[in-house]
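Engineer: Questions regarding the structure given below will be posed in turn.
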Amino acid sequence: MGNPLIDPVRSLPPTLVAELVTSSSVERLLNRFLDEAPSRLESFAAGVYVHDHTTGRPAAAEVRGLGNYYMRSYERYGRDRDPVVQHALRDRRVCDSDSLMSREEWLKLPVVHDLFAPHAMARVLCAPIVVGAEVVGTLNLARRDGQPEFTEEDRAAAHMAATVLGIAVPAVRERAAVERERSRLAEALDRCGTPVVLTDLGQARRHLNAPAAALFDRLGEARREVERLLDCDEGGVVATWTGAAGAQLTVTSQRLPSQTDVIVSVIVVRDDAARTIAPARLALLTPREIEIATRALTGRRDGEIAAELFISQHTVKHHFKSIYAKLGVHTRAELLDRLLF
Numbered sequence: 001m002g003n004p005l006i007d008p009v010r011s012l013p014p015t016l017v018a019e020l021v022t023s024s025s026v027e028r029l030l031n032r033f034l035d036e037a038p039s040r041l042e043s044f045a046a047g048v049y050v051h052d053h054t055t056g057r058p059a060a061a062e063v064r065g066l067g068n069y070y071m072r073s074y075e076r077y078g079r080d081r082d083p084v085v086q087h088a089l090r091d092r093r094v095c096d097s098d099s100l101m102s103r104e105e106w107l108k109l110p111v112v113h114d115l116f117a118p119h120a121m122a123r124v125l126c127a128p129i130v131v132g133a134e135v136v137g138t139l140n141l142a143r144r145d146g147q148p149e150f151t152e153e154d155r156a157a158a159h160m161a162a163t164v165l166g167i168a169v170p171a172v173r174e175r176a177a178v179e180r181e182r183s184r185l186a187e188a189l190d191r192c193g194t195p196v197v198l199t200d201l202g203q204a205r206r207h208l209n210a211p212a213a214a215l216f217d218r219l220g221e222a223r224r225e226v227e228r229l230l231d232c233d234e235g236g237v238v239a240t241w242t243g244a245a246g247a248q249l250t251v252t253s254q255r256l257p258s259q260t261d262v263i264v265s266v267i268v269v270r271d272d273a274a275r276t277i278a279p280a281r282l283a284l285l286t287p288r289e290i291e292i293a294t295r296a297l298t299g300r301r302d303g304e305i306a307a308e309l310f311i312s313q314h315t316v317k318h319h320f321k322s323i324y325a326k327l328g329v330h331t332r333a334e335l336l337d338r339l340l341f
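Right, dumping it as structure tokens:
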């Protein structure tokens, strides 16, 4: 049941809560929250500050009703002198200027005279955003002269809003961290140079890293034959396939122990042409030049070689220039003859 002190009109609707929890970033979460918060919490200005885990200072912040100049001024001159925020952080409960001290005492504070009053902030409230035992941020509200004092109902509404933020912020942070890790792993997998295929039987989907995608593109109609080798029973399996041009693929597949409906397949490509390069020629070339020369023997163009090795076509041309000079040739045809004999 909801808090009986809170007017249902002022509470956050379930659809909005769902939007907040599933936001794609903390920035979008804060902006969507602030689309609704000022009117629902009856304040002309509202801000949400999300703290850095290490420093405890704001790492993300969004404010409505006040400009960037105020935000910068508050961080530089006001935060550490703001008794409402300091009490809210210390006590881990909602605090507002009306309940903290008398009006006369409030108006005498330097932070009020120097910062709040020039921005028409007659009274302020701070609700800590608490996750477990940690304060991860604050919800801050401000009212003008002429607006009523903060009441127990206002404090309860702010507390409930901060509670929602306390659920949404870590959820969005965790999802963003997972997405960053997924992107890094995908990039690392693409750059490893070895064709790798992940088969998710539960989702009936396959993910090919960049080398695998390039390989399957070259296979053409033979791709279906190779795809049949990607399935495996419990445990692991090693299968081979030989193409008409002599290239041989060895596919090693293994189900993940923790997720048995996911199969990891590593493909090793053995090209007969690479093994026919004269040893005397190989001794003259660097490992990268050998990779490029080997692919040249199979008839691959500069663009295809660049894509397979994750380098630019300009770099491929530069390596060919070096290979030509070392082997004393001037054309691709001369190069192929020189490599084989």
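Residue numbers (full-length UniProt numbering): 1 to 341.
Ideal Cβ positions, reconstructed from N, Cα and C, are used throughout, including at glycine.
(1) Pairing CB atoms from the region 31 to 41 with CB atoms from the region 151 to 162, are three or more of them under 8 angstroms?
(2) So, with DSSP's three-state summary, where would you put V124?
(3) With a threshold of 16 other CB atoms inside 10 Å of the CB of T199, please say whether the residue is buried or exposed.
(4) Distance check for A177 and R255, CA to CA, integer angstroms please.
(5) Whole angstroms are fine: how far does the CA of A171 sit from the CA of F116?
(6) For the beta strand (DSSP E) containing D200, name the first residue and the last one.
(7) Under three-state DSSP, which class holds I129?
(8) Across the region 124 to 136 and the region 72 to 89, are there enough close Cβ pairs to call them in contact, namely three or more that are closer than 8 angstroms?
(9) Can you tell me whether DSSP reads Q203 as helix, strand or coil?
(10) Between the Cα of S25 and those of G236, A61 and N68, spot the shortest distance and give me the residue it belongs to.
(11) Suppose only complete runs of 4+ residues qualify. What are the alpha helix (DSSP H) ranges in the UniProt domain "HTH luxR-type" (278 to 341), listed by chain order?
(12) Can you tell me whether P195 is buried or exposed? The criterion is at least 16 other CB atoms within 10 Å of its CB, across all chains shown.
(13) Sorted by chain position, which residues of the same chain lie with C-beta nearer than 7 angstroms to R338's C-beta, five sequence neighbours on each side aside?
(14) Between which two residues does the beta strand (DSSP E) harbouring Y49 extend?
(15) By the three-class DSSP mapping on this structure, what secondary structure does residue 343 have?
(16) Count the other CB atoms within 10 Å of the CB of P8; is the residue buried (16 or more) or exposed (fewer)?
(17) May I have the straight-line CA-CA distance separating D154 from C95, to the nearest angstrom?
(18) Which whole-angstrom value is the C-beta distance of V197 and L208, which I expect to be below 8 angstroms?
(19) Just mark residue 345 as buried or exposed, buried being the case when its beta carbon has 16 or more other beta carbons within 10 Å.
(20) Please tell me whether H119 and Y49 are closer than 8 angstroms, where the distance is taken between their beta carbons.
(21) Given that a residue counts as buried once 16 or more other Cβ atoms are within 10 Å of its Cβ, and exposed if not, what is E308?
(22) From which residue to which residue does the alpha helix (DSSP H) around P170 run?
(23) Identify, in the order they occur along the chain, each residue of the same chain with its Cβ nearer than 7 angstroms to the Cβ of S97, setting aside the five sequence neighbours on each side.
(24) Give the straight-line distance between the Cα atoms of L297 and I305, rounded to the nearest whole angstrom.
(25) Let me check understanding here. Comparing Cα to Cα, which of A133, T151 and V169 lies closest to L139?
(26) Tell me the residue span of the alpha helix (DSSP H) that contains R270.
(27) Let me make sure I understand the geometry here. Which of A247, R206 and G193 has the alpha-carbon closest to that of F310?
(28) I'd like the ranges of any alpha helix (DSSP H) spanning at least 4 consecutive residues and lying wholly in the region 46 to 115.
(29) Is it true that the CB of L66 sits closer than 8 angstroms to the CB of E36?
(30) Would you mind sorting T15 into buried or exposed? The rule is 16 or more other CB atoms within 10 Å of its CB.
(31) Exposed or buried, what is D82 when buried is set at 16 or more other beta-carbons lying within 10 Å of its beta-carbon?
(32) So which of Q313, P287, E27 and R205 has the shortest CA-CA distance to I263?
(33) Roughly how many angstroms lie between the CA atoms of H319 and T252, to the nearest whole one?
Structural biologist: The short version:
(1) Flag = yes, the region 31 to 41 and the region 151 to 162 touch.
(2) Strand.
(3) T199 is classed as buried because its beta carbon has at least 16 other beta carbons within 10 Å across all chains shown.
(4) R255 and A177: Cα-Cα distance of roughly 26 angstroms.
(5) In this structure, the straight-line span from the alpha carbon of F116 to that of A171 is close to 33 angstroms.
(6) Per DSSP, the continuous beta strand (DSSP E) segment holding D200 begins and ends at V196 to D200.
(7) It is a strand residue.
(8) With contact defined as three or more Cβ pairs closer than 8 angstroms, the region 124 to 136 and the region 72 to 89 are in contact.
(9) Of the three classes helix, strand and coil, the one that applies to Q203 here is coil, per DSSP.
(10) Relative to the Cα of S25, the nearest Cα in the group G236, A61 and N68 belongs to A61.
(11) Listed in chain order, the complete alpha helix (DSSP H) runs (minimum 4 residues) inside the UniProt domain "HTH luxR-type" (278 to 341) are 279 to 282, 287 to 297, 302 to 309, 313 to 327 and 332 to 340.
(12) By the C-beta density criterion, P195 is buried, having at least 16 other C-beta atoms within 10 angstroms.
(13) Within the same chain, and ignoring the five residues on either side of R338 in sequence, the residues whose Cβ sits closer than 7 angstroms to its Cβ are R281, L327 and V329.
(14) Looking at the DSSP string, the run of the beta strand (DSSP E) that includes Y49 is A45 to H51.
(15) There is simply no residue 343 to check, as the chain begins at 1 and stops at 341 in what is shown.
(16) Bear in mind that the predicted position of P8 carries a pLDDT of just 45, short of 50, making it unreliable; the figure below should be weighed with that in mind. Its Cβ having fewer than 16 others within 10 Å, P8 is exposed.
(17) The alpha-carbon separation between D154 and C95 amounts to approximately 11 angstroms.
(18) 5 angstroms between Cβ atoms; contact.
(19) Since the first residue of the chain shown is 1 and the last is 341, residue 345 is not available in this structure.
(20) The answer is no: Cβ separation not under 8 angstroms.
(21) Buried, since its Cβ has 16 or more Cβ neighbours within 10 Å.
(22) Taken as a continuous stretch (DSSP letters only), the alpha helix (DSSP H) holding P170 covers E152 to R191.
(23) Result list for S97: V84, W106, R123 and V124, in chain order.
(24) Whole-angstrom Cα-Cα distance: 11 angstroms.
(25) Of the residues A133, T151 and V169, the one whose Cα lies closest to the Cα of L139 is V169.
(26) Under the DSSP assignment, R270 falls outside any alpha helix (DSSP H), being part of the beta strand (DSSP E) whose first and last residues are V262 to R270.
(27) Closest option to F310, Cα to Cα, is G193.
(28) The region 46 to 115 is shown to contain whole alpha helix (DSSP H) runs of 4 or more residues at 68 to 73, 83 to 91, 97 to 100 and 103 to 108, in chain order.
(29) Their beta carbons are not under 8 angstroms apart, which means E36 does not touch L66 by this criterion.
(30) Counting other Cβ atoms within 10 Å of its Cβ, T15 stays below 16 and is therefore classed as exposed.
(31) Burial call: buried.
(32) Minimum Cα-Cα distance from I263 among the listed residues Q313, P287, E27 and R205 corresponds to R205.
(33) Their backbone Cα atoms lie some 32 angstroms apart in a straight line.
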